[in-house]
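Chains as they are written, first to last, in the working numbering: chain V, 974 to 1784; chain B, 63 to 362. We treat Cβ as the ideally placed atom computed from N, Cα and C, and that holds for glycine. All values derive from a computational prediction rather than experimental measurement. Report on the structure given below.
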Amino acid sequence: MTNSWTDIKNTDLVLIMGGNAAEAHPCGFKGIIEARNTRGAKLIVVDPRFTRSASVADYYAPIRQGTDIAFLLGVIKYCIENDKVQWEYTKNYTNASFIVGEGFTYSDGLFSGYDEAKRDYDRKGWSYEVGEDGFAKVDPTLQHPRCVWNLLKEHVKQYTPELVERICGTPKDKFLHVAKAISETSAVDKAMTSMYALGWTQHSKGSQNIRCMAILQLILGNMGLRGGGMNALRGHSNIQGLTDLGLMSNLIPGYLTLPVEADVDFATYMGKRAFKPQRPGQVSYWQNYGKFFVSFLKSMYGTAATKENNFAYDYLPKMDVGSYDVLRAFEMMHQGKMNGYICQGFNPLMSFPNKDKVRAALGKLKFLVVMDPLKTETARFWEDHGEYNPNNPVDVKTAVFELPTTTFAEDEGSLTNSSRWLQWHWAGATPPGEAKTDTWIMAQLHLRLKALYAKEGGAFPDAITNLHWPYKNAADPQPAEIAKEINGYVLEDVENPTEPGKKLLEKGKQVAGFGVLRDDGTTACGCWIYSGCYNEAGNNMARRDNKDPDNTGAYLTWAFSWPANRRILYNRASADLTGKPWDPKRKIIEWNGEKWSGYDVPDIAPTAKPDTIMPYIMTEEGVGRLWVRGLMKDGPFPVHYEPFESPVVNVIAPKIQGNPAARVFKGDMANFGTAKDYPYAAVTYRLTEHFHYWSKHVSVNAMLQPEFFVEISEALAKEKKIEAGSWVRVWSMRGSVKAKAVVTKRIKPMQCDGKTVHIVGIPIHWGFMGAAKKGHGANTLTPFVGDANIETPEYKAFLVNIEPTTPPAVA
Amino acid sequence: MTTFQPLDVVRRSASVTTSPAPNRDVEVAKLIDVSKCIGCKACQSACLEWNDLKEPVGVNVGVYDNPHDLTPNTWTLMRFTEWENPTSGNLEWLIRKDGCMHCEDPGCLKACPAPGAIVQYANGIVDFQKANCIGCGYCVKGCPFNIPRISQVDHKAYKCTLCSDRLALGQQPACAKACPTSAIMFGTKAEMVAQAEKNVSILKTRGFDKAGLYNPPGVGGTHVMYVLHHADQPQLYAGLANNPRISPIVEMWKGVSKYAGMAVMGLAALVGVAHYAIKGPNKVSDEDEAQAKRLAEGKS
């Protein structure tokens, strides 16, 4: 979230699209109710299904899954044509005026630079025109035909309300109602919050779904404001922490990136990360990359990281492909190229697409280690559970080790929530049986590996044997020790250059924040964005003071919010070019002629003059990006593409159909079904009663939603002679499941491009372990295709068929 | 939070004795604003957890309501209704938390023949006293909301206690505490009626002209009340009673017929006394004795 859960109450309009907050985030939903009761805020829900969120909404509009970009580009067009743009904001705080280089084209769903064989773009042609001063050229009058604003206007032109209805199935009047309500928040005293979740990410163009809304929020002037923002509702209590700490195959903590093979040395790697400002005087904060990166290497390798060896840069793995995301990992496992797998707090057999492929892949491993508090399906993939998990244990050669771990309630540490708050928690219970903390298990593995390398050597033992391991009890690192390491500490005294004789940094102290990190090896920091969480003031994550001056929702003394305890990102943009808040009632920070101050930690240097230094300090441009140059693999603007399995032809680009840059493995291309054999549009989702595949182990939750079901409309039920509560078989190109039928008015057939599209809703929560009734997992059906940018699988839009059937054989 | 004097009994089933004059200043109420409810079932799980109840894992029968009805273990249940509003043409998903309404004039208590099996406290809570329950099921018949359920295990009646045990310690009911959207609120009845007025006025500004408080007079008002968007049509919400009142059979049985029955009994006793006064006690004649002797010896 750019804002926070406690900020939702400040909004005038809540748009829930690409998520279902009432269903999946019931506790956070209270902010919406408060905004409605205290400010008269409105709630609009756009979803293929009439959800629990829709049940309390002021307005509901249906949309066919996988068509959000068409809808949102239509809204952008509506705002532009009806002059519902926050012009001052758009002109000054976005790259609307930047001029794009000659040669850029877009036609029939493809941007210039596409290579069909590679399914990839050459993105060089998407750069700005550069002036003689070395900076990007701009046209503040927005007249230049190749300025971003005019390119955007041209790009959205075709997304008329009629086209939106044809693609999305949203009736024109409903689309216009929603578009109008959204456009009204372009007023300086109105804000809209966008609350989204996996309904936007789990698509082959998931990243562009979100970018599309970001563009809209920028031109409405809703970014950086109280009650505004792009608010990603994270699906686990600590999934924000997972990405922050870099648990992606190509990341290291704090959104730094692992080197690739071409980054042959430190200089090459850093040379690609110069982040030179694109406009004069702009901050481009990533210019500090080297300080964060070197401090990270110091925390990893301690004294083994020296200036002479480039701070042990060579110890880091170098990626030979773009990423080893989970889809690729299982593809490799399936091909027999990956032999061992450590599965920590993770249930891929249930969570990944194409369950049959995942089960086969696990069976090709030599060993599988599962660290989990529960008996997961993945740990028992080798068992025979009849049609729920057909297998012959005798044939499975994989050695499986189950290491029981503690749950969150049985150990101490911090969780990072959607609001970016690091909240410390304490153990509430003693772990049962042999359960151990994850850190204890990892420490044991590490010490044993280290001993083996020390004894037997190896091709390159240095990276393991030199790993910095400063814990009091090497076999059991304590959460506070790790937190202090993540915060960062000073390794050598540093003199103050302006006051000789005085120390800027004192050896052995915790650093105050990332602002003092250095690239000369004098500081260490495990994750720069978390710096400040455990400094000399103590464990700031454990703060529990809930005072909130003037009820702004900031709560600066509650826990710690990254970065720098800032509660609303881009909050400098809440004030105009003179530093006055756009809306005095929504003041966050203000320029008093000398410095910035207010309710939140300013997202700008305290003395940065408002008319010269622009608010988006993390971008090279200093402004928000309506246009991206090379950061998005699949285009500088979002385009409507159909899901890889779609009931209709892509009306804007019939030849392209799905995202041309989405990642598809060879064997999986043949595993897509067509509307001829699989006529119904399926979507998978969560229910309030359950949390993923965990809560079915709890008898109360299991009782509240006991059994796997699918949801269909009354019309489809009638057509297929399916009765409510009876058994149905649902099958896709990947597999087949049996489930109970819930026949509902909450799902209605849609009319898309003259065709009736029926929707089949498939909740995900059942498997063959736990207290609930055994069920076929929903991911038996889902396709193995990943988003172009972050490889998230397309769980939200695929094709199935359905028929009445008999109950499953008792397993 | 004050404690709500939960143990001052003001009414007791099948008992003529009444308590000392109670202080009714602290009548409590739970207010359920249906328009704020997202149907998450946190209240339902909190009820099971606090009361240490176990409901077996059932099956899906084509709806979200699980279990499919109240049971001796499920004292509160989310009921889901899909309704197409003919005026607006919009679908509405009406979700109501069902459970004991804690009537001011409780039909269960009136119907109960077991002394002290059902009591009403000074704060308005209607509570079942398991030790005195005979499992006859008359409370089920007596309830205008069809709430109590008889356990097949111990043959006792069960329903929501409004967490009278938590109240005694100054805690609100478990369901209210668990509710993430403040759809369930708890306080004195006066506070909750005032809160309801606020909630209703907000609903009216949102276009729900018929929004209102459900506090049915037919049972003397209730200590569990609803704010409904369509207060003119309570039956839309999974068949919530439009105008609940105690069954006429119970009223008659415990009302007119009770006194008529007592009158008949009294009359019979009077006749007996009169008979005695006139005729005197029965006397055994010699002939009777001889007859009895013959019978005892097996001779006819």
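Contact residues within the segment 1649-1677 of chain V, judged by C-beta distance below 8 Å to chain B: THR1661, GLU1662, SER1672, VAL1673, ASN1674, ALA1675, MET1676, LEU1677
Listed by chain order, chain V residues near THR143 of chain B by CB distance under 7 Å: Against the second sequence, residue 143 of chain B aligns to sequence position 81. Close partners of THR143 of chain B in chain V (Cβ separation under 7 Å) are lacking, with about 10 Å as the shortest Cβ gap.
3-residue-minimum beta strand (DSSP E) runs that sit fully inside the segment 1624-1692 of chain V, ordered along the chain: 1653-1658, 1682-1686
Within 9 Å of chain B by C-beta, residues of the segment 1706-1720 of chain V in sequence order: The residues in question are ALA1712, LYS1713, ALA1714, VAL1715, VAL1716, THR1717, LYS1718, ARG1719.
Within-9 Å CB hit, THR64 of chain B to chain V: For the purposes of this step, residue 64 of chain B is taken as residue 2 along the second sequence, with counting starting at 1. With a pLDDT of 48 at THR64 of chain B, under the threshold of 50, the modelled position of that residue is not reliable, and no figure is offered here.
Check whether GLN106 of chain B and LEU1677 of chain V have beta carbons under 9 Å apart: Within the second sequence, residue 106 of chain B is the residue found at index 44, counting from 1. Within the first sequence, residue 1677 of chain V is the residue found at index 704, counting from 1. Yes; because the gap between Cβ atoms is below 9 Å, this pair is in contact.
In DSSP terms, what GLN106 of chain B is bridged to: As a working mapping, residue 106 of chain B is identified with position 44 in the second sequence. GLN106 of chain B is not bridged to any residue.
Pair within 9 Å by beta-carbon distance, GLN1251 of chain V and GLU1594 of chain V: Taking the first residue of the first sequence as 1, we reach residue 1251 of chain V at position 278. Taking the first residue of the first sequence as 1, we reach residue 1594 of chain V at position 621. Yes. Within cutoff.
is_contact[SER1026 of chain V, chain B] using C-beta, thresh 9 Å: Locating residue 1026 of chain V in the first sequence gives position 53, counting from the first residue. With respect to chain B, the C-beta atom of SER1026 of chain V has a partner C-beta closer than 9 Å.
Residue range of the unbroken beta strand (DSSP E) whose run includes TYR288 of chain B: Residue 288 of chain B sits at position 226 when you count from the first residue of the second sequence. First-last of the beta strand (DSSP E) with TYR288 of chain B: 286-290.
Simplified DSSP assignment, three categories, for SER1268 of chain V: For the purposes of this step, residue 1268 of chain V is taken as the residue at position 295 of the first sequence. SER1268 of chain V falls in the helix class under three-state DSSP.
For CYS165 of chain B: DSSP bridge partner residues: Counting from 1 along the second sequence, the entry for residue 165 of chain B is found at position 103. Paired residue(s): B:THR284.
Extent of the continuous alpha helix (DSSP H) to which PHE1303 of chain V belongs: Locating residue 1303 of chain V in the first sequence gives position 330, counting from the first residue. Note, PHE1303 of chain V: alpha helix (DSSP H), 1299-1307.
Burial state of VAL1715 of chain V (16 or more Cβ within 10 Å): Within the first sequence, residue 1715 of chain V is the residue found at index 742, counting from 1. Result: buried.
PRO1450 of chain V, buried or exposed, once every other Cβ within 10 Å from all chains shown has been counted against 16: One-based indexing of the first sequence puts residue 1450 of chain V at position 477. It counts as buried.
Alpha carbon of THR1063 of chain V to alpha carbon of CYS241 of chain B, nearest angstrom: Taking the first residue of the first sequence as position 1, residue 1063 of chain V is located at position 90. Taking the first residue of the second sequence as position 1, residue 241 of chain B is located at position 179. Taking the straight line joining both Cα atoms gives about 41 Å.
Partners in chain V for CYS102 of chain B, counting only beta-carbon separations shorter than 7 Å: Against the second sequence, residue 102 of chain B aligns to sequence position 40. Under the 7 Å cutoff, chain V gives PRO999, THR1661.
Runs of alpha helix (DSSP H) lying entirely within the segment 1319-1405 of chain V, each at least 4 residues, in chain order: 1321-1324, 1328-1335
Where MET1587 of chain V sits in the DSSP three-state scheme: Position 614 of the first sequence, counting from 1, holds the residue named residue 1587 of chain V. MET1587 of chain V: coil per DSSP, three-state reduction.
Simplified DSSP state of TRP1535 of chain V, which is helix, strand or coil: Along the first sequence, one-based indexing puts residue 1535 of chain V at 562. Reduced to three states, the DSSP call for TRP1535 of chain V is coil.
CB-CB length for LEU93 of chain B against ALA258 of chain B, believed under 8 Å: Along the second sequence, read from residue 1 onward, the residue named residue 93 of chain B stands at position 31. Along the second sequence, read from residue 1 onward, the residue named residue 258 of chain B stands at position 196. The C-beta separation of LEU93 of chain B from ALA258 of chain B comes to about 6 Å, placing the pair in contact by the 8 Å criterion.
Exposure of ILE1732 of chain V, with buried meaning 16 or more beta-carbon neighbours within 10 Å: By 1-based counting over the first sequence, the position of residue 1732 of chain V is 759. In this structure ILE1732 of chain V is buried. Its beta-carbon is surrounded by 16 or more other beta-carbon atoms within 10 angstroms.
Where the segment 230-246 of chain B meets chain V: residues whose CB sits under 7 Å from a CB there: PRO242, THR243, SER244
Straight-line Cα distance separating ARG228 of chain B from MET63 of chain B: Working through the second sequence from its first residue, we reach residue 63 of chain B at position 1. Working through the second sequence from its first residue, we reach residue 228 of chain B at position 166. Low local confidence applies: a pLDDT of 44 at MET63 of chain B is under 50, so the model's placement there is unreliable, and no value is given.
Within-9 Å CB hit, SER1210 of chain V to chain B: Stepping through the first sequence from its first residue, residue 1210 of chain V is reached at position 237. No, because no Cβ of chain B sits closer than 9 Å to the Cβ of SER1210 of chain V.
Per DSSP, cross-strand counterpart(s) of CYS1316 of chain V: Here residue 1316 of chain V is taken as the residue at index 343 of the first sequence, counted from 1. BP columns for CYS1316 of chain V point to V:VAL1343.
Minimum length 4: unbroken alpha helix (DSSP H) runs contained in the segment 1188-1249 of chain V: 1212-1217, 1239-1244
is_contact[PRO1679 of chain V, chain B] using C-beta, thresh 9 Å: Within the first sequence, the letter at position 706 stands for residue 1679 of chain V. Yes, PRO1679 of chain V counts as interfacial toward chain B.
DSSP three-state assignment for GLN1260 of chain V, whether helix, strand or coil: One-based indexing of the first sequence puts residue 1260 of chain V at position 287. Helix, per DSSP.
Euclidean distance between Cα positions of HIS1176 of chain V and ARG1184 of chain V: Counting from one through the first sequence, the residue named residue 1176 of chain V turns up at place 203. Counting from one through the first sequence, the residue named residue 1184 of chain V turns up at place 211. Approximately 13 Å between the Cα atoms of the pair.
Residues near ILE1437 of chain V in its chain [Cβ-Cβ closer than 7 Å; skip 5 each side]: For the purposes of this step, residue 1437 of chain V is taken as residue 464 along the first sequence, with counting starting at 1. Taken in chain order, the residues that qualify are LEU1422, LYS1423, TYR1426.
For TRP155 of chain B, the three-state DSSP class (helix, strand or coil): In the second sequence, residue 155 of chain B corresponds to position 93, counting from 1. TRP155 of chain B: strand per DSSP, three-state reduction.
9 Å Cβ cutoff, GLN214 of chain B in contact with chain V: The sequence position of residue 214 of chain B within the second sequence is 152, counting from 1. It does not; no Cβ of chain V falls within 9 Å.
Nearest-angstrom Cα separation, counted from GLY1244 of chain V out to GLU1234 of chain V: Here residue 1234 of chain V is taken as the residue at index 261 of the first sequence, counted from 1. Here residue 1244 of chain V is taken as the residue at index 271 of the first sequence, counted from 1. When rounded, the distance between both Cα atoms is 14 Å.
Where GLU1157 of chain V falls: helix, strand or coil (DSSP): Position 184 of the first sequence, counted from the start, is the residue given in the question as residue 1157 of chain V. Reduced to three states, the DSSP call for GLU1157 of chain V is helix.
Contact the segment 1679-1697 of chain V vs the segment 1743-1751 of chain V: 3+ CB pairs below 8 Å: yes
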